[in-house]
Amino acid sequence: MDRPKSISRRRILAAGTAGIVGAALPIAGQNPDQAARPKVPADPTKVQGPLSTDVGGRSPFERPKRVSLGDRRTSSLTPLQDLDGIITPSDLHFERHHGGVPAIDPKQHTLTIHGMVDRPMVFTVDDLRRFPGRSIIRAMECSGNGGRVYRREGNQTDLTPQQIDGLTSTSEWTGVPLATLLREAGASPKATWFLAEGSDAAVMTRSIPIAKAWDDALIAYGQNGEPLRPEQGYPVRLFLPGVEGNASVKWLRRIELADQPFMTREETAKYTDPLPDGTARIFSLDMDAKSLITEPSFPDKLTGPGWWEIRGIAWSGRGKITRVDISADNGKTWKPAKLDDPVLPKCHTRFRLPWEWKGGEAVIMSRATDETGYVQPTFDVLLAARGPSTAYHFNHIRAWKVMADGVVKFAGSGA
Amino acid sequence: MKRFFTEVLHDRSARGFCTIVLIVFCAAVAVAQQPLGIGRVATPDEIKKIDIDVMPDGRGLPDGTGTVAEGAKIYAAKCQSCHGANGMGGSAERLVDRESGKNWDFATNARLVKTVGNYWPYATTLYDYTNRAMPFMQPGTLTPDETYSLVAYILALNKIVPEDAEMNRTTLPAVKMPSRDRFVIDNRKGGKVVK
Numbered sequence: 001m002d003r004p005k006s007i008s009r010r011r012i013l014a015a016g017t018a019g020i021v022g023a024a025l026p027i028a029g030q031n032p033d034q035a036a037r038p039k040v041p042a043d044p045t046k047v048q049g050p051l052s053t054d055v056g057g058r059s060p061f062e063r064p065k066r067v068s069l070g071d072r073r074t075s076s077l078t079p080l081q082d083l084d085g086i087i088t089p090s091d092l093h094f095e096r097h098h099g100g101v102p103a104i105d106p107k108q109h110t111l112t113i114h115g116m117v118d119r120p121m122v123f124t125v126d127d128l129r130r131f132p133g134r135s136i137i138r139a140m141e142c143s144g145n146g147g148r149v150y151r152r153e154g155n156q157t158d159l160t161p162q163q164i165d166g167l168t169s170t171s172e173w174t175g176v177p178l179a180t181l182l183r184e185a186g187a188s189p190k191a192t193w194f195l196a197e198g199s200d201a202a203v204m205t206r207s208i209p210i211a212k213a214w215d216d217a218l219i220a221y222g223q224n225g226e227p228l229r230p231e232q233g234y235p236v237r238l239f240l241p242g243v244e245g246n247a248s249v250k251w252l253r254r255i256e257l258a259d260q261p262f263m264t265r266e267e268t269a270k271y272t273d274p275l276p277d278g279t280a281r282i283f284s285l286d287m288d289a290k291s292l293i294t295e296p297s298f299p300d301k302l303t304g305p306g307w308w309e310i311r312g313i314a315w316s317g318r319g320k321i322t323r324v325d326i327s328a329d330n331g332k333t334w335k336p337a338k339l340d341d342p343v344l345p346k347c348h349t350r351f352r353l354p355w356e357w358k359g360g361e362a363v364i365m366s367r368a369t370d371e372t373g374y375v376q377p378t379f380d381v382l383l384a385a386r387g388p389s390t391a392y393h394f395n396h397i398r399a400w401k402v403m404a405d406g407v408v409k410f411a412g413s414g415a
Numbered sequence: 001m002k003r004f005f006t007e008v009l010h011d012r013s014a015r016g017f018c019t020i021v022l023i024v025f026c027a028a029v030a031v032a033q034q035p036l037g038i039g040r041v042a043t044p045d046e047i048k049k050i051d052i053d054v055m056p057d058g059r060g061l062p063d064g065t066g067t068v069a070e071g072a073k074i075y076a077a078k079c080q081s082c083h084g085a086n087g088m089g090g091s092a093e094r095l096v097d098r099e100s101g102k103n104w105d106f107a108t109n110a111r112l113v114k115t116v117g118n119y120w121p122y123a124t125t126l127y128d129y130t131n132r133a134m135p136f137m138q139p140g141t142l143t144p145d146e147t148y149s150l151v152a153y154i155l156a157l158n159k160i161v162p163e164d165a166e167m168n169r170t171t172l173p174a175v176k177m178p179s180r181d182r183f184v185i186d187n188r189k190g191g192k193v194v195k
């Protein structure tokens with residue numbers, strides 16, 4: 001079998017339209033795209049290159065960008081279509097904040113743990129770094145991710161993976177397990193919930209069942225080998241693997257243990273899920289299994305029939321992804337994709353499947369299964385369970401339509 | 001692994017070694033459960049300064065009191081420019097409207113807007129959030145009396161408390177919100193069934 005060709009049009013487009021590094025005026029015979037491309041020597045083997053730098057940057061030909069939503073710019077989306085593997089570069093991790101990004105001096109910042117504990121404690125950032133630490137590679141997804149396509153907004157077809165599902169990212173998070181700090185403070189066995197509170201202008205709060213603290217909650221200070229980025233909670237954040245992103249409170253200043261939830265605005269008025277029976281789920285924290293094909297996707301254009309690799313990411317808030325199936329005939333038949341190592345729990349998992357495009361229209365889609373046996377549902381199944389205007393957790397199957405001319409369009413949950 | 005242990009446990013000296021390993025392991029666990037002595041004990045004063053949350057049963061509510069009439073004045077001065085007159089029609093979140101949504105068809109009626117009156121399950125949440133995060137451009141600047149007054153005003157606009165209501169640490173937690181019993185525990189657990 002031939003090796004699949006890479007899909008490079010998107011990168012060329014991105015580089016051509018975005019940046020002006022050494023841009024020149026168009027010369028005869030050049031189109032504007034070519035003219036705007038960064039200038040490089042005609043033969044890099046015949047000239048010495050620039051020398052080492054204190055902080056590296058991307059090739060001027062690569063310009064992945066987050067996309068901010070709304071006039072108030074309270075969130076931004078990860079360019080999933082520009083990423084390989086599973087790690088999201090820290091400067092491309094999605095954002096969501098409720099009072100802007102606070103500027104915090106790590107020497108002034110402390111985390112206080114109090115409430116139902118024997119010893120209420122204050123920890124400086126240096127204290128937190130002194131505790132036995134842990135690094136974990138895990139995904140974080142906003143529970144509003146995918147809402148736009150659930151509602152389909154006029155059945156748009158010109159949507160990128162970023163615009164559809166860009167509120168999910170994966171990082172290596174480093175920190176101290178919250179359980180370690182609870183032991184340090186002498187947590188009461190009667191405590192059943194904890195409140196996490198941020199130092200932003202919203203003084204963001206969420207209540208979390210304390211079982212999560214004893215399980216895998218992390219007080220994170222590192223992300224992908226460096227301190228957290230400011231928009232990711234610098235200098236310290238809560239990180240709750242597999243849980244809707246909102247609960248992983250950033251710029252963490254306080255944790256209070258209690259015997260009941262605090263019923264903050266976010267967990268009552270906001271992050272609750274209305275159901276067709278006239279109720280709403282509260283504390284619907286776990287993220288259901290989901291997958292998304294990121295290549296090929298809009299605005300790719302396949303340059304011709306032949307072998308292409310279908311690529312994407314799958315993840316589940318409940319554990320490991322056990323399989324991803326791909327259909328290239330609008331869901332009639334399915335083939336298992338190959339999962340790249342590492343396959344980690346509650347983490348983006350990269351899947352791939354070589355696919356021979358014979359020309360003509362084709363609808364491609366992916367379907368994830370996790371280790372609980374949960375299978376990513378069709379839109380109709382999810383709609384029946386949740387209703388058309390429910391508010392969060394949109395994990396139904398997504399589809400792309402490859403047109404006869406190779407142009408790829410978003411096709412909702414199937415054509 | 002299993003075979004390894006079987007073989008080792010048949011060897012007398014190895015058994016002794018295993019016992020020692022077990023004792024050391026238990027000791028290590030015991031040590032790990034003790035505090036490591038990192039960080040310092042928080043003083044009551046410094047906790048008080050940042051412990052601003054309010055719980056549904058009223059724990060955390062400060063002394064102070066507020067009326068609907070006083071709330072109307074503060075609202076006009078500090079809230080109306082974003083939230084609109086009478087809690088509706090502003091650029092920021094709609095606060096008032098108990099009527100629409102009274103059938104709780106939020107999952108099937110995309111036109112419904114969630115408000116304090118038709119959705120919020122606890123009145124204490126309104127105090128907690130207003131106190132910590134409002135007004136948007138001057139967060140955390142309201143006094144307890146101002147916050148109680150604003151809460152009284154917004155609850156009155158939603159016809160949840162009467163016009164002469166007074167809100168304080170006793171009366172506020174006693175307010176029963178119309179949607180209080182609509183919220184259910186998450187029953188999704190993974191597995192085959194999509195819920």
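Top line first, the protein sequences correspond to chains G and V. The numbering of the first sequence is the numbering used here, which starts it at 1 and goes up by one. The numbering of the second sequence is the numbering used here, which starts it at 1 and goes up by one. For glycine and all other residues, C-beta sits at the position ideal for the given N, C-alpha and C.
Nearest-angstrom Cβ-Cβ length linking residue i and residue j, presumed shorter than 8 Å
i	j	result
LEU406(G)	LYS335(G)	The sequence given here places Gly at residue 406(G); Leu does not occur at that position. About 21 Å; that fails the 8 Å criterion.
LEU92(G)	PRO60(G)	Not really, about 17 Å apart at Cβ, beyond 8 Å.
THR65(V)	ASP181(V)	So it is not a contact: roughly 28 Å between Cβ atoms.
ARG367(G)	SER291(G)	7 Å
THR157(G)	LYS409(G)	4 Å
ILE326(G)	ILE313(G)	Between ILE313(G) and ILE326(G) the Cβ distance is about 13 Å, and since that is not below 8 Å, they are no contact.
ASP288(G)	ASN145(G)	11 Å between Cβ atoms; not a contact.
PRO161(G)	SER68(G)	Between SER68(G) and PRO161(G) the Cβ distance is about 17 Å, and since that is not below 8 Å, they are no contact.
SER149(V)	ILE50(V)	The pair is not a contact, with the Cβ atoms about 24 Å apart (cut-off 8 Å).
7 Å CB neighbourhood of residue i in its chain, flanking five on each side removed
i	result
ASP196(V)	The shown model of chain V, from 1 to 195, leaves out residue 196(V), and the question about it has no answer.
ASN224(G)	ILE87, SER90, SER171, GLU172
GLY360(G)	ALA404
Cβ-Cβ distance between residue i and residue j below 9 Å
i	j	result
PRO102(G)	ALA201(G)	yes
SER199(G)	ARG253(G)	yes
LEU95(V)	ASN158(V)	yes
GLU226(G)	SER143(G)	no
VAL151(V)	GLY71(V)	yes
ARG132(V)	PRO139(V)	yes
THR174(G)	ALA220(G)	yes
THR294(G)	GLN163(G)	no
PRO56(V)	PRO173(V)	yes
PHE106(V)	ALA280(G)	yes
GLY190(V)	SER316(G)	yes
ILE255(G)	PHE351(G)	no
GLY39(V)	VAL236(G)	no
LEU166(G)	ARG229(G)	At residue 166(G) the sequence reads Gly, which differs from the Leu that was named. The answer is no: Cβ separation not under 9 Å.
PRO120(G)	THR112(G)	yes
GLU371(G)	PRO305(G)	no
Buried/exposed call for residue i, threshold 16 Cβ in 10 Å
i	result
LYS78(V)	buried
THR143(V)	exposed
LEU25(G)	For LEU25(G), the predicted structure reports a pLDDT of 47, less than 50, and the residue's modelled location is therefore unreliable. The matter cannot be settled from this model.
VAL41(V)	exposed
GLN260(G)	exposed
GLU244(G)	buried
LYS48(V)	exposed
MET140(G)	buried
PRO177(G)	buried
GLN232(G)	buried
ALA110(V)	exposed
ARG129(G)	buried
VAL193(V)	exposed
Nonlocal neighbours in the same chain, by C-beta distance under 8 Å from residue i, ignoring five residues either side
i	result
VAL117(G)	LEU182, ALA185, GLY186, ALA187, SER188, ALA191, LEU257
GLY414(G)	ASN330, GLY331, VAL363, MET365, THR378, PHE379, ILE397, ALA399
LEU112(V)	SER100, GLY101, ASP105, PHE106, ASN118
Chain-order list of residues whose beta-carbon lies under 6 Å from that of residue i (same chain, five-residue window excluded)
i	result
LEU238(G)	ALA196, SER248, VAL249, LEU252
GLU155(V)	Sequence inspection shows Leu at residue 155(V); the Glu mentioned does not correspond to that position. These residues qualify, in order along the chain: VAL161.
LEU382(G)	HIS396
Proximity test, residue i beta-carbon vs the ligand ADP heavy atom, cut-off 8 Å
i	result
GLN108(G)	By its list of ligands, the structure shown contains no ligand whatsoever, and the ligand ADP lies outside what it can speak to.
* Specify whether the region 126-139 of chain G and the region 270-281 of chain G touch according to this definition: at least 3 beta carbon pairs, one from each stretch, less than 8 Å apart. => With a cut-off of 8 Å on Cβ pairs, the region 126-139 of chain G is not in contact with the region 270-281 of chain G, counting fewer than three such pairs.
* Using 8 Å as the threshold, is the region 263-270 of chain G in touch with the region 341-351 of chain G, meaning 3 or more CB pairs across them? -> At 8 Å Cβ cutoff, the stretches do not touch.
* **Touch test, the region 347-361 of chain G against the region 391-400 of chain G, Cβ-Cβ under 8 Å, three pairs minimum** => Judged by Cβ distances under 8 Å, the region 347-361 of chain G makes no contact with the region 391-400 of chain G, as fewer than three pairs qualify.
* Asked: Are the region 83-98 of chain V and the region 161-170 of chain V in contact at 8 Å, needing three or more beta carbon pairs?
  -> With a cut-off of 8 Å, the region 161-170 of chain V and the region 83-98 of chain V do not count as touching, because too few Cβ pairs lie within range.
* Between the region 317-334 of chain G and the region 54-65 of chain G, do three or more beta carbon pairs fall short of 8 Å? -> Two segments are said to touch when three or more pairs of C-beta atoms, one from each, lie closer than 8 Å; by this definition the region 317-334 of chain G does not touch the region 54-65 of chain G.
* Using 8 Å as the threshold, is the region 208-219 of chain G in touch with the region 69-76 of chain G, meaning 3 or more CB pairs across them? -> Result no; under three Cβ-Cβ pairs closer than 8 Å.
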